[in-house]
Amino acid sequence: MAIRNVIIEKFETAAAGAVIISAGKTRVLCTASLSTDLPGWLAAKEPPSGWISSEYNMLPGSTSPRKKRGNDGRSTEIQRLIGRSLRAMVELTSIPGVSIICDCEVLQADGGTRTASITGASVALMLALGQALDDGLLPSVETDRIPIQLVTAISAGVVDGKCVVDLDYDKDSRADVDLNAVQNQKREWIELQGTGERAGFTKTQLDEILDLCDEAIEQIRNRQLDFLKNHLSASASGLLLGS
3 MAIRNVIIEK FETAAAGAVI ISAGKTRVLC TASLSTDLPG WLAAKEPPSG
53 WISSEYNMLP GSTSPRKKRG NDGRSTEIQR LIGRSLRAMV ELTSIPGVSI
103 ICDCEVLQAD GGTRTASITG ASVALMLALG QALDDGLLPS VETDRIPIQL
153 VTAISAGVVD GKCVVDLDYD KDSRADVDLN AVQNQKREWI ELQGTGERAG
203 FTKTQLDEIL DLCDEAIEQI RNRQLDFLKN HLSASASGLL LGS
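Be aware that the sequence shown starts at 3, since it is given in our numbering, and climbs by one per residue.
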């Protein structure tokens with residue numbers, strides 16, 4: 003099993019957390035912005051809670067032919083997937099009064115943009131929470147760890163009769179089966195989206211695909227953790243990563 007080279011780089015911007023994640027030729031800018039403006043329906047909720055949402059966009063020049071500006075049905079579906087995955091990271095009552103918006107801007111697309119967005123946004127969210135802790139925006143958090151886990155995502159499928167993982171555009175366009183998998187640090191599946199594009203798939207194939215995803219995600223997760231250990235403050239790292 004081989005996955006494309008995954009690189010996570012810090013990006014300097016006004017957002018509390020920002021990274022560029024590369025998976026082969028696919029590159030996505032992921033930012034996480036802090037706010038105290040909660041959705042109206044959440045403001046009076048007891049116990050007090052925080053919120054995490056996301057937006058996803060592909061730059062016009064990220065693909066060929068040029069993509070027109072503006073969200074479409076695909077982008078809306080993807081940003082909902084990203085939002086659900088990120089909210090699964092943390093118990094929202096542990097970040098009361100804090101709203102985090104994660105923006106994923108695809109700079110270059112060569113397959114796997116939604117899974118790269120989830121993986122990168124998870125890191126950006128951790129950086130933002132680290133800044134929130136350092137800035138005292140979460141005064142209720144003192145010595146206890148925030149109940150949070152990274153999430154990591156990967157694409158997979160059946161191409162030319164073989165189960166494969168981490169599909170670039172060429173493989174994705176030829177796939178008989180297409181699947182996106184999101185997993186937390188406990189190796190629990192947060193979301194599985196599988197579609198028989200040109201053919202159905204068996205339980206045996208699904209089991210093989212999930213095994214491939216599990217192995218690939220472990221590799222990528224280690225890169226997420228290595229990056230965070232080098233970019234979070236010691237105190238924030240202890241509260242977020244337990245180290």
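Backbone N, C-alpha and C fix where the C-beta goes; we use that ideal spot for every residue, glycine too.
For clarity, every value in this text was computed on a predicted model and none was experimentally measured.
Is it a yes or a no for the region 210-228 touching the region 162-180, going by three-plus beta-carbon pairs under 8 Å? yes
In whole angstroms, give me the CA-to-CA distance for Leu94 and Asp162.
In the sequence shown, residue 94 corresponds to position 92, counting from 1. In the sequence shown, residue 162 corresponds to position 160, counting from 1. Each residue's alpha carbon lies about 43 Å from the other.
For this session: Please state whether DSSP places Arg86 in a helix, a strand or coil.
Result: Taking the sequence shown and counting its residues from 1, one reaches residue 86 at position 84. It is helical.
Look up Gly99 in the DSSP assignment and say whether it is helix, strand or coil. For this step, residue 99 is matched to residue 97 along the sequence shown. The answer is coil: DSSP assigns Gly99 none of H, G, I, E or B.
* Taking Cβ to Cβ, would you say Leu241 is nearer than 8 Å to Gln187? -> As a working note, residue 241 is residue 239 in the sequence shown. As a working note, residue 187 is residue 185 in the sequence shown. Against a cut-off of 8 Å, the Cβ pair of Gln187 and Leu241 comes out as no contact.
For this session: Just mark Asp209 as buried or exposed, buried being the case when its beta carbon has 16 or more other beta carbons within 10 Å.
Result: Along the sequence shown, one-based indexing puts residue 209 at 207. Counting Cβ neighbours within 10 Å, Asp209 comes out exposed, since fewer than 16 surround it.
Item checked: For Leu230 and Lys173, the rounded distance between their alpha carbons -> Stepping through the sequence shown from its first residue, residue 173 is reached at position 171. Stepping through the sequence shown from its first residue, residue 230 is reached at position 228. Each residue's Cα considered, the two are about 31 Å apart.
Worksheet item: Who does Thr121 pair with in a DSSP beta bridge?
Response: The residue you call residue 121 lines up with position 119 of the sequence shown. The partner list for Thr121 (beta bridge, DSSP) is empty, contrary to what the question assumes.
TODO: Along the beta strand (DSSP E) that carries Thr180, what are the first and last residues, could you check?
DONE: The residue you call residue 180 lines up with position 178 of the sequence shown. For clarity, residue 180 is Asp in the given sequence; the question names Thr instead. First-last of the beta strand (DSSP E) with Asp180: 179-186.
Quiz item: Per the contact definition of three or more C-beta pairs closer than 8 Å, is the region 129-136 in contact with the region 45-59?
Solution: no
Q.
Let me check understanding here. Comparing Cα to Cα, which of Asp74, Lys12, Pro149, Ala201 lies closest to Asp246?
A. Given a span of 3 to 245 for the chain in the structure shown, any question on residue 246 remains unanswerable.
*Per DSSP, what kind of secondary structure is Leu40 in: helix, strand or coil?*
Here residue 40 refers to the residue found at position 38 when the sequence shown is read from its first residue. DSSP places Leu40 in coil when its eight states are reduced to three.
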